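Participant: Could you have a look at this structure, given as C-alpha cells, before my questions?
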Amino acid sequence: MNNAQDILFKSIQQGLSELYSISTTNISFQKTRKEFEGDFTLVTFPYIKDAKKSPEILGQELGNYLQQNNAQVKSFNVVKGFLNISLNDSFWLNYFNAVKNKSNIGYKAPNSSGRKVMVEYSSPNTNKPLHLGHVRNIVLGYSVAQLLAANGHEVIKTNLVNDRGIHICKSMLAWQKFGNGETPQSTGLKGDHLVGKYYVVFDKAYKAEIETLVKEGKTKEEAEKQAPLILEAQKMLQQWEAGNPEVVGLWKTMNNWVYDGFAITYKELGVDFNKTYYESDMYLLGKEVVQDGLNKNVFYKKENGSVAIDLTKEKLDEKIVLRADGTSVYITQDLGTAIARFREFNSLNQLIYTVGNEQDFHFKVLFSILEKLGYDWARECYHLSYGMVELPEGKMKSREGTVVDADDLLKGMFETAKATTEELGKVEGFTQTELENLYHLVSLGALKYFILKVDPKKKMLFDPKESIDFNGHTGPFIQYTHARIKSVLRKAGEYSTSEIETIQVNDIERELIKSVYDFEAVLEEAGQNYSPALIANYVYELTKLYNRFYHDVTILKEENQRLKEFRLQLSKCCAGVIANGMNLLGIAVPERM
RNA sequence: GGUCCCAUAGCUCAGUUGGAUAGAGCACAGGUUUUCUAAACCUGCGGCCCUUGGUUCGAAUCCAAGUGGGACUACCA
Numbered sequence: 006m007n008n009a010q011d012i013l014f015k016s017i018q019q020g021l022s023e024l025y026s027i028s029t030t031n032i033s034f035q036k037t038r039k040e041f042e043g044d045f046t047l048v049t050f051p052y053i054k055d056a057k058k059s060p061e062i063l064g065q066e067l068g069n070y071l072q073q074n075n076a077q078v079k080s081f082n083v084v085k086g087f088l089n090i091s092l093n094d095s096f097w098l099n100y101f102n103a104v105k106n107k108s109n110i111g112y113k114a115p116n117s118s119g120r121k122v123m124v125e126y127s128s129p130n131t132n133k134p135l136h137l138g139h140v141r142n143i144v145l146g147y148s149v150a151q152l153l154a155a156n157g158h159e160v161i162k163t164n165l166v167n168d169r170g171i172h173i174c175k176s177m178l179a180w181q182k183f184g185n186g187e188t189p190q191s192t193g194l195k196g197d198h199l200v201g202k203y204y205v206v207f208d209k210a211y212k213a214e215i216e217t218l219v220k221e222g223k224t225k226e227e228a229e230k231q232a233p234l235i236l237e238a239q240k241m242l243q244q245w246e247a248g249n250p251e252v253v254g255l256w257k258t259m260n261n262w263v264y265d266g267f268a269i270t271y272k273e274l275g276v277d278f279n280k281t282y283y284e285s286d287m288y289l290l291g292k293e294v295v296q297d298g299l300n301k302n303v304f305y306k307k308e309n310g311s312v313a314i315d316l317t318k319e320k321l322d323e324k325i326v327l328r329a330d331g332t333s334v335y336i337t338q339d340l341g342t343a344i345a346r347f348r349e350f351n352s353l354n355q356l357i358y359t360v361g362n363e364q365d366f367h368f369k370v371l372f373s374i375l376e377k378l379g380y381d382w383a384r385e386c387y388h389l390s391y392g393m394v395e396l397p398e399g400k401m402k403s404r405e406g407t408v409v410d411a412d413d414l415l416k417g418m419f420e421t422a423k424a425t426t427e428e429l430g431k432v433e434g435f436t437q438t439e440l441e442n443l444y445h446l447v448s449l450g451a452l453k454y455f456i457l458k459v460d461p462k463k464k465m466l467f468d469p470k471e472s473i474d475f476n477g478h479t480g481p482f483i484q485y486t487h488a489r490i491k492s493v494l495r496k497a498g499e500y501s502t503s504e505i506e507t508i509q510v511n512d513i514e515r516e517l518i519k520s521v522y523d524f525e526a527v528l529e530e531a532g533q534n535y536s537p538a539l540i541a542n543y544v545y546e547l548t549k550l551y552n553r554f555y556h557d558v559t560i561l562k563e564e565n566q567r568l569k570e571f572r573l574q575l576s577k578c579c580a581g582v583i584a585n586g587m588n589l590l591g592i593a594v595p596e597r598m
C-alpha cells in the first residue's frame with residue numbers, strides 16, 4: 006500500500022503543474038496541528054509567487070483539484086497560506102486493517118538492511134561501582150542497539166572493560182595495605198563496592214601525604230608527583246605490565262570481584278552484550294599500530310622518545326600516541342581496539358561508541374588518526390555523544406562522594422514502586438514472585454523512561470531529593486495504560502478479528518489510527534538520529550491519546566457489535582505499539598498493575 | 001588563551017528539513033467514578049523562546065556578535 010504522503014505528493018505535484026504550470030519536487034507537508042481540521046497540511050506560501058495568486062485562492066483551487074482528482078481526499082480547508090487536507094475514513098480503515106494483526110508494526114524485518122553495526126556501551130573502569138552516569142550510558146546504548154535492530158540492521162552489542170591502568174592499581178594497593186584480607190564474602194559487600202571502597206581509601210591516604218609534603222615546603226605539583234603512595238602505585242603498574250605473578254594474581258582476584266558485582270547490576274538493568282572486550286587484551290595491539298604509523302610517516306618520534314602525531318591542521322593539536330617510556334596511553338589502546346574490531350568482523354559497516362560528551366575531543370582525534378592511517382572505515386565510526394547527568398550542585402564526582410550509586414538508586418526505586426503499588430492496592434491474587442517482578446518492572450520503567458525521554462545530546466538534571474515520578478509523563482503511566490488495555494481485552498474474551506469496513510469512526514479513533522500510522526516514520530527517524538527520546542515521546546503521545554479514548558468511549562458495553570469489535574481491535578493494536586515502543590527503550594510492560 | 005556544547009512556563013523537559021495562536025508533565029486552584037484499572041480524565045493559572053542585529057513572505061528553529069552556564073584543551077582514563 007502506498008503511504009499517505011506519497012499519494013498526496015503526486016496529486017499535489019500534478020495539481021501545481023496543471024493549474025499553474027509549476028514544476029517542482031519541493032513539496033513537503035506536515036501533520037495538521039490539532040486545533041485545525043485535517044490530516045496533512047501543505048504550506049502554500051512557496052508557490053504563490055510563481056502562481057501569481059493569493060495564498061487563499063491558491064489553497065482553494067489546489068484543494069478543489071485534489072478533491073476532484075484524488076479519491077482518497079475527503080475534504081479540505083484553507084486558513085491563510087495553509088491547505089489542510091483530510092483523507093477519507095476508508096483510507097485510514099484500510100491502513101488499520103492492513104497492519105492491525107501484525108506483531109511488529111513499523112519494524113523492518115530482522116537483518117533486512119544488510120548493514121552490520123557494532124554498538125559499544127557501558128565500558129566501565131574496574132576500580133569503582135557504577136553510578137547514575139553509567140546508567141545513562143547503559144540504558145542509552147542498549148536502547149540504540151534495539152532501535153537499530155528494529156530498523157533492520159544486524160547489531161553487535163559490545164562492552165569494552167577498562168580493566169588495567171593506574172586507577173586499578175590504586176585500589177589494589179590500598180587493599181593490600183589497609184584491607185586486612187577483606188573479601189566480598191567476608192564483608193557481604195558487592196565486589197565492585199568493595200573495590201570502590203579501597204579506591205576511596207587510597208585517595209584519602211594520598212591526599213594526606215600530599216598535605217604533609219606541602220607542609221614540608223613542597224609545591225602542590227611536586228607533592229602530587231612525589232607522594233610515596235602514588236610512586237608505589239606506579240611501580241605496581243610497571244610490575245603488572247612486566248607480568249609479576251603476585252601483582253597479576255591480586256589484579257585478577259579483585260577484577261573478578263568487580264565483574265561479579267557488575268554482572269548483578271547489568272542483570273538488574275536488563276541489558277546484555279554479545280561480546281566483551283578487555284583492555285588488558287587489547288593494549289598491546291595499539292603498540293603495533295604505533296609502529297605501523299611510524300612506518301607510514303603518519304607519526305613521528307620526538308626527542309625524548311615519545312611518539313606523536315601533528316593534527317594542528319585539523320585544529321586538534323599535537324597528540325601523543327605513545328609515552329617516552331614506551332607504555333601506551335588511552336588513545337593507543339583505542340586505535341588498536343578499533344582496528345581489531347574491524348578485522349574480527351570484516352563486514353562491519355559501522356562502529357558506534359556510546360561515550361559521554363566530555364570525550365568529544367578524544368573521538369575527533371581518534372577518528373582523524375584512523376583516517377590518516379588509511380582506514381576508510383574511520384568515516385563509519387560514530388561517537389554517540391551524550392550529555393552528563395548533573396546534580397543540583399553540579400557534576401557528580403566519585404572522589405567527593407557526590408555520585409548517585411546505581412545499585413542504591415535501583416534499590417530505592419524498587420522500594421518506591423512497592424510502596425506505591427501497595428498503596429493503590431490493585432494486585433489481589435498476585436503471588437510473591439509476581440509482586441517482586443512487578444515492582445522491579447515498574448521501578449525500572451520509571452528510571453529508564455526518566456533517562457531516555459530527554460534528548461541524549463543534552464545534559465540532564467537529577468535531583469536525589471525528589472524521587473522519580475510515577476505519574477504524568479513517566480514510564481509507569483505508559484505501563485499502566487498498557488495494563489488497562491490488557492484488562493479490557495481479558496474481559497472481552499473471544500472476539501472477531503476480521504476486517505473492519507462499514508463502521509463510522511469517531512474523531513479520537515481516527516486520531517489513534519493516525520498515531521499508529523506515524524510510528525513507522527518515528528522509528529526510522531529515531532534510528533537515523535540514535536535518539537530513543539523520539540520513541541519515548543511518541544509512545545507518550547499515543548498513550549495519552551488512548552487514555553482519552555478509554556475515558557470518553559465505551560468499549561465492552563458498546564451495543565453495535567462491529568463497533569465493539571473495532572474498538573477491541575484498536576485497543577489491542579495500540580497495546581502492541583505501546584509494548585513494542587517501550588521494548589525499544591528496554592522497558593517491559595505488565596499485563597496487570 | 002584556544003576549541004566545542006548549551007540557554008523555551010516557578011521546576012523538569014518536548015518542539016523533524018524555517019510555517020498557523022510555542023506544547024507536555026510536575027507544582028498550584030478546581031472538577032470527574034452506582035459504568036471496561038482514578039498510576040486515569042477534564043478545566044484553569046502560568047512565556048521579552050537569554051540579548052541585539054541580519055537573512056526570509058515567514059525565525060524558538062538559520063547566520064553574526066554579545067551575555068550567562070558547562071565541557072575539553074595530560075606522556076590520566
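Numbering-wise (this note's numbering), the first sequence opens with residue 6 and increments by one. Just so it is clear, CB atoms sit at the ideal spot from N, CA and C, and this is done for glycine as well. All figures in this text were calculated on a predicted structure; none of them were measured in a lab.
If we ignore side chains and look at the alpha-carbon of each, how far apart do K15 and E66 end up?
Facilitator: Between K15 and E66, the C-alpha separation is close to 16 Å.
Participant: Alpha carbon to alpha carbon, how far is M6 from E516?
Facilitator: Note that M6 scores 44 on pLDDT, short of 50, meaning its location in the model is unreliable; the coordinates nonetheless yield the value given after this. Rounded to whole angstroms, M6 to E516 spans 20 Å at the Cα level.
Participant: Roughly how many whole angstroms lie between the Cα atoms of V84 and E61?
Facilitator: Spanning the two alpha carbons is a distance of roughly 7 Å.
Participant: Determine the closest residue to N74 out of S95, F50, N106 and L21, with distance taken between C-alpha atoms.
Facilitator: When only C-alpha atoms are compared, the closest one is L21.
Participant: Leaving out five residues on either side along the sequence, give the residues of the same chain with a beta carbon under 8 Å from the beta carbon of I473.
Facilitator: Closer than 8 Å at the Cβ level, and outside the excluded window around I473, lie M418, T421, A451, L452, F455 and T479.
Participant: For my contact list, L389 and Y358 are in at a C-beta cut-off of 8 Å; report their separation, rounded to the angstrom.
Facilitator: L389 to Y358, Cβ: 6 Å. Contact.
Participant: If you compare alpha carbons, which of L98, K36, S80 and F87 is closest to V510?
Facilitator: The residue with the shortest Cα to Cα distance from V510 is L98.
Participant: Taking just the CA atoms, how far does F207 sit from K182?
Facilitator: Each residue's alpha carbon lies about 9 Å from the other.
Participant: Helix, strand or coil, according to DSSP, for E591 in the structure here?
Facilitator: With the sequence shown as reference, residue 591 is identified as Gly, and Glu is not the correct amino acid for it. If DSSP states are grouped into helix, strand and coil, G591 belongs with coil.
Participant: Does DSSP classify M6 as helix, strand or coil?
Facilitator: In this prediction, M6 scores a pLDDT of 44, lower than 50, which makes its location untrustworthy; no coordinate-derived value is stated.
Participant: Measure from the alpha carbon of Y100 to the alpha carbon of each residue in E514, N8 and Q19, then state which is nearest.
Facilitator: Checking every option, the nearest Cα to that of Y100 belongs to N8.
Participant: With distances taken between CB atoms, is the gap from L457 to P397 smaller than 7 Å?
Facilitator: In this structure, P397 does not lie closer than 7 Å to L457 by Cβ.
Participant: Please determine if the stretch 552–565 and the stretch 159–175 are in contact, where contact requires at least 3 C-beta pairs separated by less than 8 Å.
Facilitator: No, because fewer than three Cβ pairs between the stretch 552–565 and the stretch 159–175 fall closer than 8 Å, the two stretches do not touch.
Participant: Indicate whether the contact test is met: 3 or more Cβ pairs, each with one atom in the stretch 102–109 and one in the stretch 45–61, closer than 8 Å.
Facilitator: Flag = no, the stretch 102–109 and the stretch 45–61 do not touch.
Participant: Using DSSP with H/G/I as helix, E/B as strand and the rest coil, what is L24?
Facilitator: The answer is helix: DSSP assigns L24 an H, G or I state.
Participant: For the alpha helix (DSSP H) containing T258, name the first residue and the last one.
Facilitator: From DSSP, the alpha helix (DSSP H) with T258 extends over P250 to L274.
Participant: What's the gap between the Cα of R567 and the Cα of E514?
Facilitator: Near 14 Å, if we compare the C-alpha coordinates of E514 and R567.
Participant: Nearest by alpha-carbon distance to K470: which of G586, H198, L414 and I560 is it?
Facilitator: Of the listed residues, the one whose Cα sits closest to K470 is L414.
Participant: Which residue comes first and which comes last in the alpha helix (DSSP H) that contains M241?
Facilitator: Residues P233 to A247.
Participant: Using only the heavy atoms of the ligand GTP, determine whether one of them is closer than 6 Å to the beta carbon of G379.
Facilitator: Among the components of this structure there are no ligands whatsoever, and the ligand GTP is therefore not found.
Participant: Ordered along the chain, which non-local residues of its own chain (more than five positions away) have a Cβ less than 7 Å from that of S333?
Facilitator: Y288, G291, K292 and L327.
Participant: As an exercise, report each continuous alpha helix (DSSP H) stretch of at least 4 residues that is fully enclosed by the stretch 461–546, in chain order.
Facilitator: Qualifying alpha helix (DSSP H) stretches, in chain order: 480–497 and 512–534.
Participant: Flag this pair as yes or no: are the beta carbons of N354 and K113 separated by less than 7 Å?
Facilitator: No; because the gap between Cβ atoms is not below 7 Å, this pair is not in contact.
Participant: Which one or two residues does DSSP pair with K400 in a beta bridge?
Facilitator: Answer is E395.
Participant: Would H136 and V360 qualify as a contact pair, given that the criterion is a beta-carbon distance under 7 Å?
Facilitator: Not a contact, by the Cβ cut-off of 7 Å.
Participant: Helix or strand or just coil, what does DSSP make of A313?
Facilitator: Of the three classes helix, strand and coil, the one that applies to A313 here is strand, per DSSP.
Participant: Terminal residues of the continuous beta strand (DSSP E) containing T46?
Facilitator: Residues F45 to V48.
Participant: Whole angstroms is fine: what's the gap from G532's alpha carbon to V124's?
Facilitator: One C-alpha to the other measures close to 13 Å.
Participant: Which ranges does the alpha helix (DSSP H) cover as unbroken runs of at least 4 residues, wholly within the stretch 335–380, from first to last along the chain?
Facilitator: Counting whole runs of 4 or more residues, the stretch 335–380 contains the alpha helix (DSSP H) stretches 335–349 and 365–377.
Participant: Reducing DSSP to helix, strand and coil, say where F81 ends up.
Facilitator: F81 falls in the strand class under three-state DSSP.
Participant: Would you tell me roughly how many angstroms separate the C-alpha atoms of S26 and N565, rounded to the nearest one?
Facilitator: Each residue's alpha carbon lies about 50 Å from the other.
Participant: Check whether the stretch 130–150 touches the stretch 270–277, counting contact only when three or more Cβ pairs, one atom from each stretch, lie closer than 8 Å.
Facilitator: Touching, per the Cβ criterion.
Participant: For M401 versus Y485, is the C-beta distance shorter than 7 Å?
Facilitator: Their beta carbons are not under 7 Å apart, which means M401 does not touch Y485 by this criterion.
Participant: Let me confirm a value: N351 is counted as buried when at least 16 other C-beta atoms fall within 10 Å, else exposed. Which label applies?
Facilitator: Result: exposed.
Participant: State the DSSP-derived secondary structure class of E227, mapped to helix, strand or coil.
Facilitator: Three-state result, E227: helix.
Participant: Considering only the alpha carbon of each residue, which of G201, T337, A593 and A232 lies closest to E405?
Facilitator: Selected option, being the one with the closest Cα: G201.
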